[in-house]
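Presented below is the structure to which this report refers.
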Amino acid sequence: MADTILELKGLRKNFGALKATDDVSLTLKRGEIHALIGPNGAGKTTLMALVSGKLPPDAGQVLLEGRELTALSVARRAQAGLGRSFQVSSLVSEYSALRNVMLALQSRQGHSYRFLRPVMMDQALREGAREMLARVGLGARASVEAAVLSHGERRLLEIAVALALQPRCFLLDEPMAGLGSEGTKALVTFLQELKSEAPILLIEHDMDAVFRLADRISVLVYGRIIATGTAPEIRANPQVRAVYLGEETPA
Amino acid sequence: MDNQRKEWLLNAGVIIALFAVPLWALAVGEPFIITLATRIAILAIAAVGLNIALGLGGMVSFGHALYLGVGGYVAGIAAHHAFAGTTVMGLPGTNQMLPIWVIAMLLSGLVAGVVGALSLRTSGIFFIMITLAFAQMGFFFTLSWPAYGGEDGLPIFVRNQFPGLNTARPWDMFLLAYGVLVAALLVFAMLRAARFGAALMAIRQNPDRTAAVGISPFGIKLVAFVLSGMITGLAGAMMADLTRFVSPAMMAWTMSGELIVIIILGGVGRLFGPVVGAALLVGFEVFFGGLTEHWKLWLGLVLLAVVLFARGGLIGLIAGRERHG
Amino acid sequence: MSLALVLEQLLNGVQFGLMLFLMSAGLTLVFGVMGLINLAHGSLYMIGAFLCAALAAATGNFWLGLMAGIAGAAAAGALIEILVIRRLYARDHLDQVLATFALILILSEGVRMIFGPFPLYLNVPDMLRGSVDLGITRYSLYRLALIGFGVAVALGLWLLIAKTRLGIQIRAGESDREMIAALGVNIRWLYTVVFALGAALAGMAGALVGAIQSVQVGMGEPVLILAFVVIVIGGIGSIKGAMVGALLVGVIDTMGRFLLPRIAGLFLDTSQAMGVGAALASMLIYLLMALVLIFRPQGLFPAHG
Amino acid sequence: MKLKMTAIAALAASSIGAAQASEVTVGMITTLSGGGAGLGVDVRDGFQLALDMAGEHNIKLVVEDDAQRPELAVQIAERMIQSERADILTGIIWSNLAMAVVPSTVAQDIFYLSPNAGPSALAGANCHPNYFNVAWQNDMLHEGAGAYANELGYENTFIMAPNYPAGTDALAGFKRYYEGNLAGELFTQVGQTDYAAEIAQIRASGADSIFIFLPGGMGISFMRQYEQSGVDLPIVSAAFTFSQDILPAVGEAALGVFNASQWSPDLDNDANAAFVAAFQGAYGRLPSLYASQGFDTANLILSATAKADVQDRDAFREALREADFTSVRGDFAWAPNQHPIQRVYIREVVEVDGVITNRIVGVAFDEHRDVHGENCPM
């Protein structure tokens, strides 16, 4: 299926007796935003770690455009085209915004085992990075250290870094967290454009944003996906309502 | 004056002073001061090596004396066989510094590769301890292996040769050490500015992020560790020739500690941190050692004060925090 | 090679291991509870030995000296914790290594200033002089007493940690530092007490060993390195691990030095065999440590799950 | 660590200007801290005593502690030659330190006078006109112990020494004259403090006697542990393990041990009587053989400075070769390799007036010289 970019097949991960990820399968198709929601402790973080390669699964597969990624490290998966952002901003804090993006670009374009040419004199890298920063609206903040950027700016820088990887698909882990309503609105618009470039697997707490943005939604509870569908389908799903609204499901 | 300019001026001052003081000593006939300057330069080379792993890569190697010792023993063993006219594993000894340096760097790089490949699987205190354990293995191996002097060490009766120089003369030996130091600093500066340095420093600050942009931390760190070991190994070969003596003490854990101390006194990750630190340490020893036999007490207090209150070392104190642009 | 010889060497290994345990217990507690690498632990061992030797020489009573050694090391530990160590808990390992490296320089030189450059010699107490017949072999009574002492202290430590309020706090501190705050424990006080306890154990080891060896500046550092090997093998933070690690290191080191030259002697001539055997024997425990770290990076008995 | 003791002679020395105008700078590198400190302190004190007793002289003495570490000794030697401009180095206690320092020192046309260490390599093929050994070649006293072990009727001796040049020399020297069987042969680590494993092997070996060479703190630790072990075999040794620096710390455990020495505090000659009395007067303790060697070394230098200017190396060397001084050990003569030819006594450890010390009970060799001299081209 040429339309499926990312596919998870029967992923499992146990921590002792706890089934943190329990037979999760889902697909991410070209041009879509697939949101993953679930209450706290549902296993979203674990699933993200399995997809990005931070944790090895006990069973199951991760496929990107039909290519098996399961045995690859985080770095290899990133090279293969997984562009992830972190739930809590995770940047190279002493580097400027520009250098953070350049780091992603240097990995994308060639490799890091170059010992001679000063990286700051690499015009292609610099220009490329500036372009990415401009796209997320951080053009004026290029030379500011990541540690000094505001919270919202760091969220945007996360996106810019993911963009710089020119990935086959994005994995965005709560990109709206702590952005405020203005910032969220801007980002929603941005993501809607972005999905045509590469599909987005979105983990997000902000339900309004999710229901506005997502083409499909999967609901994760106790490590299992209990439902997948469009926004109206999910809204209507009694199991989901039970989990989120505390409504009793008819036995 | 902004900080970058201050650091630049400080660096220029240090490198000029390190040349001018022994030159003055040469003029007034004080060979011991030249020897001291040579020792500073060689210790600084060793610390430049460690600074790649520790300063740029954040790898707290508590066993860098191992590479110093490997380099030292390469020089000592080569000279020993050249002197006695015997062979080692079918190869003749040599009293030429250039081939000795090449072998010293290759061998210490190889050792660093093995140690790094195993140690880099761990992190934090475990990394500190496993690097220490490997260095202790080297220490005890040389201590009890009788062929090259064991505990007694191995004297180099005549300093190894360098084309065009008379290495027995303190000034010539100094020129050699100074030249290699400048080269080592250039290599360090180049590495740091290049893509490799960008990746390495990013890994130190945030390995997860660096992996997520597709740069594998293990490979980068291993290469850095090997380069680091090679430069420290080169310094070891030169130090052996300076003192005309190699002994297991070169691999003692206190030597590893001293190399870290040098970097901290100067400034971690700073280009000239090792030079400033080595000058401070040797200067401290000579100056306070002349005043009181308990100079190590004062060294301890100064070091404690630096760690507790002046994290950036002397360069940090003068030129502030480093900026990565 | 007789059974008697093997037995005696085994006892030597156990005695060595138990003294290493006294050193390692403090080190591992301090790391487990406070997350601190303390290189100056060997200096506390030295302080205990010097105080014991000085007081025993002055009063003629070993036991008074031992008390002084333990109490003095504990006091020195508490003082160091309050003045320096306290500022290092939040710092990274590099800072801890360096600051405690500086403490070694300060304490060693300080002791040298006070007691002079010569070794002191501490006499074995009269009631423990001489040797006893164990049936298969005779053995030094004092060394036997050290084994008994080591076992008793290990039991006492186990009781302290398993049964007392302080022990509960220590265990809480090891598993979750925030939890002990929630328990309403004064963390500063707890840290000082744990550090002093570790120092007391180190001082005790120094004083006990001082009576059969010599008491000199720098005596603590070789033991310190071995104690690090012990806790890395045993699992940092684990008292049980320290015990197993210490006995392993003590016995393997002693038996290695004894057996390896003999084994090498089967293949090589005597003088070569002694060299090769000794070289391998002295590397043996570091090899063990490297293997443990490679295959069980958290040690044999990891403290945190 | 740096004990700097600059003893400049009575002001007079330079101004009155004895026959030889130029000052002689003697750099003394010796062990003043750690387990081996007792030996270095005695060499230094003996040397200083000779200068003090000489009154007027033109010797400038600079003393530094090597902490028994070869790499430190090398650095100090470099500084003494380059910075202090020393003409003569002396003081090294340990053979491994001597091997590290002496060859490059004498090659720079500096004299080295050994007050203690006498490694075989420096007596044989690597002998040098600028190297004089005022004490003994390492093997000598051990050879005496070996010869005396035969006399005592020992047939199955366990022998043990630290693993460094003097240790190998010691065992070789003992075996050269000993005729019985060896119950076992062990090398220990230099500076080792725990001998439990070695004692176990001695116990299991079935030996009838022990020969040990464990100088300084090593000897003290071993003897104290040996006493507690329940092994009770007679010990024969060279003077080093039972010299006056060790005996007070070992105590009664040492009584009755036979040891070979070229010197003893009860040696009956005028120079020695004066030396022992003056040493006791100055330092309040009995001198050890190390003190006697330091004393002799200083007197040898003094005798040479009276005859030649140290800047004239050849003349000064000749003056040293004449050895025109009164040794506290009695007659003193050089073998061609510039090591002494001397009598080797056997001493027994005894208690005299509550002080544990040595007493001469016999002679092992009369005019003994070392075997390595044959390989010396001089």
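Residue numbers (the numbering used here), protein chains in the order written: chain F, 74 to 324; chain A, 772 to 1096; chain B, 170 to 474; chain Z, 2 to 379.
Each residue gets a CB set at the ideal place from its N, CA and C atoms; glycine is no exception.
- Here threonine 857/A is exposed, its C-beta having fewer than 16 other C-beta atoms within 10 Å.
- Counting only residues of its own chain and dropping the five nearest sequence neighbours on each side, glycine 36/Z has a CB closer than 7 angstroms to the CB of Gly192, Gly217, Gly218, Met219.
- In this structure, DSSP gives lysine 102/F an extended state, which the three-state scheme calls strand.
- Partner residues in the beta bridge of tryptophan 335/Z, as assigned by DSSP, are Pro341/Z.
- With 16 or more other CB atoms across the displayed protein chains lying within 10 angstroms of its CB, phenylalanine 911/A is buried.
- Where aspartate 371/Z is concerned, there is no enclosing alpha helix (DSSP H), because DSSP gives it neither an H nor an E.
- Here the alpha carbons of tyrosine 227/Z and aspartate 422/B stand approximately 21 angstroms from one another.
- Contact with chain Z is absent for proline 294/B, since none of that chain's Cβ atoms lies less than 8 angstroms from the residue's Cβ.
- In the three-state reduction of the DSSP assignment, tyrosine 149/Z falls in the helix class.
- Under the 8 angstroms Cβ criterion, the region 245 to 265 of chain B does not count as touching the region 1041 to 1050 of chain A, having fewer than three qualifying pairs.
- Where serine 210/Z is concerned, the enclosing beta strand (DSSP E) starts and stops at 210 to 213.
- When the five nearest sequence neighbours on each side are left out, the beta carbons in the same chain lying within less than 6 angstroms of the beta carbon of valine 293/B are those of Tyr311, Ala380, in order along the chain.
- Cβ atoms of arginine 348/Z and phenylalanine 366/Z stay farther apart than 8 angstroms, at about 14 angstroms.
- Cβ neighbours of isoleucine 974/A within its own chain (closer than 7 angstroms, five residues either side excluded): Gly828, Thr981, Pro988, Ile991, Lys992.
- Restricting attention to beta strand (DSSP E) runs no shorter than 3 residues, the region 87 to 148 of chain F encloses them at 91 to 102, 106 to 110, 132 to 137, ordered along the chain.
- The C-beta distance from glutamate 218/F to serine 169/F rounds to 6 angstroms, short enough to meet the 8 angstroms contact threshold.
- Note that the region 243 to 251 of chain Z does not touch the region 268 to 284 of chain Z; fewer than 3 beta-carbon pairs, one per stretch, sit closer than 8 angstroms.
- Look at the region 437 to 469 of chain B: the residues with a C-beta under 7 angstroms from a C-beta of chain A are Gly444, Ala447, Ala448, Ser451, Met452, Tyr455, Leu456, Met458, Ala459, Leu462, Ile463, Pro466.
- Residue pairing of threonine 26/Z in beta bridges, as defined by DSSP: Lys61/Z.
- Around the C-beta of threonine 228/B, fewer than 16 other C-beta atoms lie within 10 Å, and the residue is accordingly described as exposed.
- Judged by DSSP in its simplified three-state form, glutamine 229/Z adopts helix.
- Alanine 171/Z and asparagine 139/Z do touch by the CB rule: their CB atoms are close to 7 angstroms apart, below 8 angstroms.
- The beta carbon of glutamate 105/F is closer than 6 angstroms to those of Pro272, Asp288 in its chain, skipping five residues each way along the sequence.
- Legend: CB atoms of the region 55 to 86 of chain Z lying less than 7 angstroms from CB atoms of chain A belong to residues Arg70, Pro71, Glu72, Val75, Gln76, Glu79, Arg80, Gln83, Ser84.
- Under the three-state reduction of DSSP output, glutamate 80/F falls in the strand class.
- Counting C-beta pairs closer than 8 angstroms gives three or more between the region 1026 to 1046 of chain A and the region 1077 to 1088 of chain A, which meets the contact rule.
- Secondary structure at arginine 892/A: coil, using DSSP grouped into helix, strand and coil.
- Listed by position along chain B, the residues whose Cβ is nearer than 9 angstroms to that of histidine 1065/A are Glu278, Gly279, Arg281, Met282.
- For serine 180/F against glycine 968/A, the beta-carbon gap comes to about 14 angstroms, at or over 8 angstroms, which does not count as contact.
- Inclusion of glycine 325/B and glycine 217/B in the CB contact set at 8 angstroms is not warranted, their separation being larger than that value.
- By the CB criterion at 8 angstroms, leucine 825/A and valine 831/A fall inside the cutoff.
- Close to aspartate 979/A, with beta-carbon spacing below 7 angstroms, are these residues of chain F in chain order: Ser163.
- Between arginine 776/A and chain F, the shortest Cβ-Cβ separation is not below 8 angstroms.
- At a cut-off of 8 angstroms between C-beta atoms, serine 98/F does not count as an interface residue with respect to chain A.
- For valine 237/Z, the enclosing beta strand (DSSP E) covers residues 236 to 239.
- Contact between histidine 210/B and isoleucine 899/A fails: their C-beta atoms lie close to 15 angstroms from each other, not under 8 angstroms.
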